[in-house]
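Below is one structure, written out as structure tokens, with a few remarks after it.
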Ligand code: ADP
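Okay, structure coming up:
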């Protein structure tokens, strides 16, 4: 009897052990398959946690590990796309290269500069990627070999670049450089603006100094000389008055120009009745029209032609053009103004039969202080800023100016404003 029980127990134990061995084998197989998947980058895989003891713990730990890896990989992916988005939105060209000068990453601006548009740039030699821009490449490599933060400016034809190369080190104090970040900024426009600004400052200083020197000279002469006769004294005082007026006009023009530039489109605009504004301006110039015996003609299709603009600046624009037409027209000449509109545009033109503008100067007359004949402009009270002011006002209203001119025949300034 006991023998039978023992045999039964042994048989049962064998079956149980066999079953356990079978399920252990299939569990280990499952674990093996799961590891394979992880190795291939699938971190979503899970294994059963049903075993008790160490094996169950191993299953649990495996699942915890894959969950952790999955979370970290997703965070890294998010960071990577953030970094790519940031790089893409940077207007400068950014290139990261490793110590062997292979490209690690580059943004769109860099691809454009180097004219390299293949998607697989990673790991390629920088020299190969930048082969179309030899001088830029040589300049960057020169900075790269310094192995410390370095910068320079490079002028290539009409384009100017500012180049910064920053070495990459794993730790701040490391001597070993593992690569570099190259940052290329197109500073062409910046340099142009800086040149315009410094030219403007030099011109303003000169223009202010000339009348001041003259005023100073005449005041000194009047003060130090008691014997000046009354007629000469009055002549000197007239010059001082004229020079002071010139200074005031110049300062007013500088202020208007800096107001327009400083405020761009931010000054208040309102509905301006253009024909009324033109009539107002014509009243203001009636004296000089009479003085030169000019025949003035204002032609407008209807009374109510409106434009959204700044009324003061619109007045300034009309006055500057009409004033020029009178200043540069002949005695007994004519000045014709025309105002019309269609569905899209309002067109305003000022025409004279004056001295005209040489074709080589037409493109430059809108520059600050540019005058075809400086002496003549000064004689007729010009500041050289009138057309620069006109141009800025027109551009701020998204309009355009055309000039038609012929020497000794006259000039026509045509301005088109979109409605
Ligand atoms: P200015 O104060 O000298 O008149 P502007 O900026 O108004 O300065 O004009 C620039 C230059 O353009 C003038 O000096 C002049 O040489 C030329 N100019 C402008 N308008 C006319 C015109 N209607 N006829 C001939 N030349 C003109």
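Residue numbers (our numbering): 767 to 1185. Using N, Cα and C, we set each Cβ at its ideal position, and we do this for glycine too. Since we're looking at a predicted model, the values are computed, not measured.
Worksheet item: When the Cα of residue 812 is compared with those of 1122, 831, 986, which residue comes out closest?
Response: Sorting 1122, 831, 986 by C-alpha distance to the C-alpha of residue 812 places 831 at the top.
Worksheet item: Where residue 1173 and residue 1128 are concerned, what is the direct C-alpha to C-alpha distance, given to the nearest angstrom?
Response: Straight-line Cα distance between these residues: approximately 11 angstroms.
Worksheet item: Short check: CB of residue 1023 to CB of residue 1161, under 8 angstroms?
Response: Note that the C-beta distance between residue 1023 and residue 1161 is not below 8 angstroms.
Fill in: residue 904 - partner residues in DSSP beta bridges
Looking at the DSSP assignment, residue 904 forms no beta bridge with any residue, so it has no partner.
Worksheet item: Roughly how many angstroms separate the alpha carbons of residue 1222 and residue 1103, rounded to a whole number?
Response: The requested residue 1222 does not occur in the structure, where the chain is confined to residues 767 to 1185.
Worksheet entry | Burial state of residue 1149, where buried means 16 or more other Cβ atoms lie within 10 Å | By the 16-neighbour rule on beta-carbons within 10 angstroms, residue 1149 is buried.
Worksheet item: Near residue 1092, what residues of its chain come up, given a Cβ to Cβ distance below 7 angstroms and the 5 sequence neighbours on each side ignored?
Response: Cβ neighbours of residue 1092 beyond the five flanking positions: 1051, 1054, 1055, 1058, 1060, 1101.
Discussion item. Measuring CB atoms only, is the segment 1108 to 1125 touching the segment 931 to 950, in the sense that at least three cross pairs come out at less than 8 angstroms?
Written reply: As far as the Cβ criterion goes, the segment 1108 to 1125 does not touch the segment 931 to 950, which means the pair count is below three.
Worksheet item: Do you know whose CA, among 1064, 930, 914, lies nearest residue 938's CA?
Response: Checked all of 1064, 930, 914; the closest Cα to residue 938 is 914.
Worksheet item: Among 969, 1007, 870, which has the Cα closest to the Cα of residue 984?
Response: The shortest C-alpha separation from residue 984 is found at 1007.
Worksheet entry | residue 968 in three-state terms, based on DSSP | In the three-state DSSP reduction, residue 968 falls in the helix class (H, G or I).
Worksheet item: Going by DSSP, which residues form a beta bridge with residue 1179?
Response: Answer is 1116, 1169.
Discussion item. If the criterion is Cβ atoms closer than 8 angstroms, does the pair residue 1113 and residue 1084 meet it?
Written reply: Cβ atoms of residue 1113 and residue 1084: not closer than 8 angstroms.
Discussion item. Does the distance between the C-beta of residue 918 and the nearest non-hydrogen atom of ligand 1 fall short of 7 angstroms?
Written reply: For ligand 1, not one heavy atom lies less than 7 angstroms from the Cβ of residue 918.
Worksheet item: Mind checking whether the beta-carbon of residue 1060 lies closer than 7 angstroms to any heavy atom of ligand 1?
Response: No, the beta carbon of residue 1060 sits no closer than 7 angstroms to any heavy atom of ligand 1.
Worksheet item: Does the Cβ-Cβ distance between residue 1049 and residue 1072 come in under 8 angstroms?
Response: No. Outside cutoff.
Fill in: Start-to-end residues for the alpha helix (DSSP H) that takes in residue 867
It is not in any alpha helix (DSSP H) - residue 867 carries neither H nor E in the DSSP assignment.
Worksheet entry | Reduced DSSP category for residue 1051 - H, G, I as helix; E, B as strand; rest coil | Coil, per DSSP.
Worksheet entry | Residue ranges of each alpha helix (DSSP H) within the segment 1032 to 1104, 4 or longer | Contiguous alpha helix (DSSP H) elements confined to the segment 1032 to 1104 occur at 1040 to 1050, 1052 to 1057, 1077 to 1093, taking only those with 4 or more residues.
Discussion item. If the criterion is Cβ atoms closer than 8 angstroms, does the pair residue 860 and residue 872 meet it?
Written reply: The Cβ-Cβ distance between residue 860 and residue 872 falls below 8 angstroms.
Discussion item. Using CA atoms only, rank isn't needed, just tell me which of 815, 875, 837 is closest to residue 809.
Written reply: Closest option to residue 809, Cα to Cα, is 837.
Worksheet entry | Cβ-Cβ distance between residue 925 and residue 858 below 8 angstroms | No, these two residues do not count as a Cβ contact at 8 angstroms.
Worksheet item: Comparing alpha-carbon positions, which option in 1065, 1167, 778, 1087 lies nearest residue 1111?
Response: Ranking the options by Cα distance to residue 1111, first place goes to 1167.
Worksheet entry | Endpoints, beta strand (DSSP E) assigned at residue 921 | Residues 916 to 922.
Item to complete: State yes or no: is the C-beta of residue 1151 nearer than 7 angstroms to some heavy atom of ligand 1?
Response: At least one heavy atom of ligand 1 is nearer than 7 angstroms to the Cβ of residue 1151, so yes.
Worksheet item: When the Cβ atoms of the segment 953 to 969 are set against those of the segment 865 to 882, are three or more pairs found closer than 8 angstroms?
Response: Contact between the segment 953 to 969 and the segment 865 to 882 is absent, because fewer than three Cβ pairs lie under 8 angstroms.
Discussion item. Using a Cβ-based criterion (distance less than 7 angstroms to any ligand heavy atom), does residue 1125 qualify as near ligand 1?
Written reply: Distance from the C-beta of residue 1125 to the nearest heavy atom of ligand 1 is not below 7 angstroms.
Practice prompt. With a threshold of 7 angstroms, establish whether the CB of residue 1143 neighbours any heavy atom of ligand 1.
Written response: Yes, since a heavy atom of ligand 1 falls inside the 7 angstroms radius drawn around the Cβ of residue 1143.
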